[in-house]
Amino acid sequence: MTQQEKDRVYKEYNKKVFCYLRSKGLNEDDAEDLCANVFVKFYDNAENFDSSRASPSTLIYRITHNTLIDFYRTKKQHAELDEEIAYKDETLDNILTEETLTELGQALMRLEDRERALVVLVYYDNKTLKEAAEILKMSYSNSKLVMKKALAELKDFLE
361 MTQQEKDRVY KEYNKKVFCY LRSKGLNEDD AEDLCANVFV KFYDNAENFD SSRASPSTLI
421 YRITHNTLID FYRTKKQHAE LDEEIAYKDE TLDNILTEET LTELGQALMR LEDRERALVV
481 LVYYDNKTLK EAAEILKMSY SNSKLVMKKA LAELKDFLE
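Residue numbers for the sequence shown follow the numbering used here, beginning at 361 and rising by one.
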């Protein structure tokens, strides 16, 4: 992979990787650090990458995912999810490889104000669902239902 190709890949995926990491609960500094680590690992593995088998986004996504897992493993940070809302969130995972940030913004704008506020507080401001419910003056039980509905609507909008 030439330097020009590496630069193109970095320009194309840097912001997507950063936003993906932020959506997974990292603060801005940690997300920037991990984003840099992702591209260092990508460049180290770029010579072994076969573009006929997959796009660069596939390798970048896998590196990003593994880097995030390693980060949480070493930090020993764990978030507890209520069993009622625990799920494999493929919607946010697919943003990196399939959706643009513009489309996500448009999908968010289609949500009701309360749903959008809840999603933004939890995924972008790194609040717990309980903290977000208090900020929005909602019961915790209601916030779980609203979040589940909002994420389902986002998934539908993005598909």
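Quick reminder that beta carbons are idealized off the backbone N, C-alpha and C, glycines included.
Item, Value
"Between which residues of its own chain and V369 is the CB-CB distance below 6 angstroms, once the five residues before and five after are set aside?", "P416"
"How many angstroms separate the CA atom of F431 from the CA atom of V482?", "20 angstroms"
"Would you call the CB atoms of K504 and L489 closer than 8 angstroms?", "yes"
"State yes or no: is the C-beta of L518 within less than 8 angstroms of the C-beta of E463?", "yes"
"I need the DSSP call for K487, collapsed to helix, strand or coil.", "coil"
"Helix or strand or just coil, what does DSSP make of N502?", "helix"
"For L496, I'd like the list of residues in its chain whose CB is within less than 8 angstroms of its CB, leaving aside the five on either flank, ordered along the chain.", "R474, A477, L478, L481 and S503"
"Which value, in whole angstroms, describes the spacing of the CA atoms of Y373 and N426?", "16 angstroms"
"Measuring alpha carbon to alpha carbon, tell me which residue in E407, T424, E365 and D404 is nearest F378.", "T424"
"Just checking my contact of Y500 with A510 at CB under 8 angstroms: how many whole Å lie between their CB atoms?", "That belief does not hold up - the Cβ atoms of Y500 and A510 are roughly 15 angstroms apart, past 8 angstroms."
"For the alpha helix (DSSP H) that E372 lies in, which residues bound it at each end?", "Q363 to S383"
"For E407 and L381, I'd like the C-alpha separation in whole angstroms.", "25 angstroms"
"Look at L419 and N405 and say whether their C-beta atoms are less than 8 angstroms apart.", "yes"
"First and last residue of the alpha helix (DSSP H) that includes S415?", "Careful: S415 lies outside any alpha helix (DSSP H) and carries neither H nor E."
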